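In what follows, a single structure is set out as structure tokens and then discussed.
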Amino acid sequence: MKSMHSIDINTVEMTLDIMKYAINRISNNDPELGHPKKEEVLKELAGDTITEEGIGGEYAFNLFKDVFAKATVPVDHPRHLAFVPAAPTKAAVLFDLVTSAASIHGAYWMTGGGGIFCENEAMKWLVSLTGLPEGAFGVFTSGGTSANLSAMIAAREAWRAQNQEHENLKALLITSNGAHSSIKSMAKVIDADIILVDDDDDDDDRLTGYWLKEKIKNLSPHDRKRLFAVVATGGTTNAGIIDDLAGVAQVCEEEKLWFHVDAAYGGGALAAPSVRHLFNGIERADSITIDPHKWMFSPYDCEP
Ligand SMILES: Cc1ncc(COP(=O)(O)O)c(C=O)c1O
Numbered sequence: 155m156k157s158m159h160s161i162d163i164n165t166v167e168m169t170l171d172i173m174k175y176a177i178n179r180i181s182n183n184d185p186e187l188g189h190p191k192k193e194e195v196l197k198e199l200a201g202d203t204i205t206e207e208g209i210g211g212e213y214a215f216n217l218f219k220d221v222f223a224k225a226t227v228p229v230d231h232p233r234h235l236a237f238v239p240a241a242p243t244k245a246a247v248l249f250d251l252v253t254s255a256a257s258i259h260g261a262y263w264m265t266g267g268g269g270i271f272c273e274n275e276a277m278k279w280l281v282s283l284t285g286l287p288e289g290a291f292g293v294f295t296s297g298g299t300s301a302n303l304s305a306m307i308a309a310r311e312a313w314r315a316q317n318q319e320h321e322n323l324k325a326l327l328i329t330s331n332g333a334h335s336s337i338k339s340m341a342k343v344i345d346a347d348i349i350l351v352d353d354d355d356d357d358d359d360r361l362t363g364y365w366l367k368e369k370i371k372n373l374s375p376h377d378r379k380r381l382f383a384v385v386a387t388g389g390t391t392n393a394g395i396i397d398d399l400a401g402v403a404q405v406c407e408e409e410k411l412w413f414h415v416d417a418a419y420g421g422g423a424l425a426a427p428s429v430r431h432l433f434n435g436i437e438r439a440d441s442i443t444i445d446p447h448k449w450m451f452s453p454y455d456c457e458p
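In terms of this note's numbering, the sequence shown is residues 155 to 458.
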């Protein structure tokens, strides 16, 4: 009888090579700092990689190590100080290997129940940090931009559902000029206008309830009708500033506006008792973006 698990020696060898690479890479706290190269240079170094016969796993892996990896700047390098795409711990990197090997499809409970259960447990913990009321829950998205987009669409739909008149109005939202660029670009995506409150008006450079109220007071009656949401930031990307969330929440409640907090960058601080009080008011939000990927600058020298 033929075994279901016949061993393909090439796959075993490839797996061992890859495991060796992964072990070396994960245990190396000072990875090589690559240099980006021009597309023409990479093309010359790599040659044709999409060929009729295929180039084979070993060749592809060597190309990755010798050419492509060297043309990248690893985010876990101690000198990678720009951008915050992700800062995974070693445990997270290892478990990414495990979940890739397990080939989980998490779209349905029928096929991915075990994985979805784990995701929900993690989400419960994240939601518990915010103090949102019983019943609040979340979803994992591919990043902060898409989380902000989801929240803004939810806000606009809630506003449209309030009054039929809103169907024919171009939506308008208020945020601060310290807000992340994704708020401005996602407003474009949903075809909404945006007003920026100059956070320099405030001594602490924060969007406050006071300045928000002032801005709303000065809107034309038409713009006031179009106003559907306020986006405050829980840790601005450039300066780490946390807006006056309680003050903004108060105004949003009074004015019946959707209150979104973009805590993509700063949300990790919700888990730090020393600064948790700076987020007071976040529990009154209608939606929150938190990006656990951005919680640590470097997996090696910071604690969350
Ligand atoms: C405050 C804030 N919001 C949103 C984003 C966008 O997140 P992403 O790059 O994951 O789309 C960032 C990214 O740095 C951010 O700092």
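Ideal Cβ positions, reconstructed from N, Cα and C, are used throughout, including at glycine. Predicted, not measured: the structure shown is a model, and the values here were computed from it.
Provide the residue span of the beta strand (DSSP E) that contains residue i, from first to last.
{"i": "H414", "result": "412-417"}
{"i": "S330", "result": "326-330"}
{"i": "S304", "result": "It is not in any beta strand (DSSP E) - S304 instead sits in the alpha helix (DSSP H) that spans 298-316."}
{"i": "F382", "result": "381-387"}
{"i": "I349", "result": "347-351"}
{"i": "I337", "result": "Taken as a continuous stretch (DSSP letters only), I337 belongs to no beta strand (DSSP E), being part of the alpha helix (DSSP H) at 335-343."}
{"i": "S441", "result": "441-444"}
With distance defined between alpha-carbon atoms, name the residue in the options nearest to residue i.
{"i": "P242", "options": "A261, C272, H259, I180", "result": "I180"}
{"i": "E407", "options": "G420, I442, H431, G435", "result": "G435"}
{"i": "L327", "options": "A312, I348, V281, E206", "result": "I348"}
{"i": "E368", "options": "E194, G401, L196, G420", "result": "G401"}
{"i": "T165", "options": "N274, G210, I307", "result": "G210"}
{"i": "A255", "options": "V221, M173, L280", "result": "M173"}
{"i": "Q316", "options": "V195, M277, K410, K219", "result": "K410"}
{"i": "A346", "options": "H334, D359, D377", "result": "D377"}
{"i": "V247", "options": "R233, V229, K324", "result": "V229"}
{"i": "L235", "options": "T391, E311, I344, Y213", "result": "T391"}
{"i": "T362", "options": "A305, T203, T205, F433", "result": "F433"}
{"i": "E469", "options": "G289, L217, G208, N182", "result": "This structure does not reach residue 469, given that the chain is present from 155 up to 458, and the question cannot be answered."}
{"i": "S339", "options": "A245, D353, S300", "result": "S300"}
Counting C-beta neighbours from all protein chains within 10 Å, is the total for residue i 16 or more, i.e. buried, or is it exposed?
{"i": "P453", "result": "A caution first: P453 carries a pLDDT of 32, below 50, which makes its placement in the model too unreliable to give a value."}
{"i": "I444", "result": "buried"}
{"i": "W412", "result": "buried"}
{"i": "D162", "result": "exposed"}
{"i": "L303", "result": "buried"}
{"i": "I177", "result": "exposed"}
{"i": "F397", "result": "A small correction: the amino acid at residue 397 is Asp; Phe does not occupy that position in the sequence shown. Result: buried."}
{"i": "G296", "result": "Reading off the sequence, residue 296 comes out as Ser, not Gly. Looking at its Cβ environment, which holds fewer than 16 other Cβ atoms inside 10 Å, S296 is exposed."}
{"i": "F291", "result": "exposed"}
I'd like to check one pair, residue j with residue i: are the Cβ atoms closer than 7 Å?
{"i": "A101", "j": "G298", "result": "With the chain covering only 155 through 458, there is no way to say anything about residue 101."}
{"i": "S330", "j": "V351", "result": "yes"}
{"i": "V415", "j": "L366", "result": "no"}
{"i": "G266", "j": "G260", "result": "yes"}
{"i": "G285", "j": "E437", "result": "yes"}
{"i": "H431", "j": "A240", "result": "no"}
{"i": "I307", "j": "R360", "result": "no"}
{"i": "A333", "j": "R310", "result": "no"}
Can you give me the start and stop residues for the alpha helix (DSSP H) that residue i sits inside?
{"i": "S254", "result": "244-256"}
{"i": "F271", "result": "263-284"}
{"i": "A403", "result": "399-409"}
{"i": "I459", "result": "Residue 459 is absent from the structure shown; the chain starts at 155 and stops at 458."}
{"i": "I396", "result": "Taken as a continuous stretch (DSSP letters only), I396 belongs to no alpha helix (DSSP H), as it is neither H nor E."}
{"i": "S160", "result": "From DSSP, S160 is part of no alpha helix (DSSP H); its letter is neither H nor E."}
{"i": "V195", "result": "193-200"}
{"i": "E368", "result": "363-371"}
Is residue i close to chain C? Criterion is C-beta to C-beta, closer than 7 Å.
{"i": "S300", "result": "The structure shown contains no chain C; it is built from a single protein chain."}
Between the stretch 316-325 and the stretch 375-388, are three or more C-beta pairs nearer than 8 Å? Yes, the stretch 316-325 touches the stretch 375-388.
Between the stretch 186-196 and the stretch 218-230, are three or more C-beta pairs nearer than 8 Å? Judged by Cβ distances under 8 Å, the stretch 186-196 makes contact with the stretch 218-230, as three or more pairs qualify.
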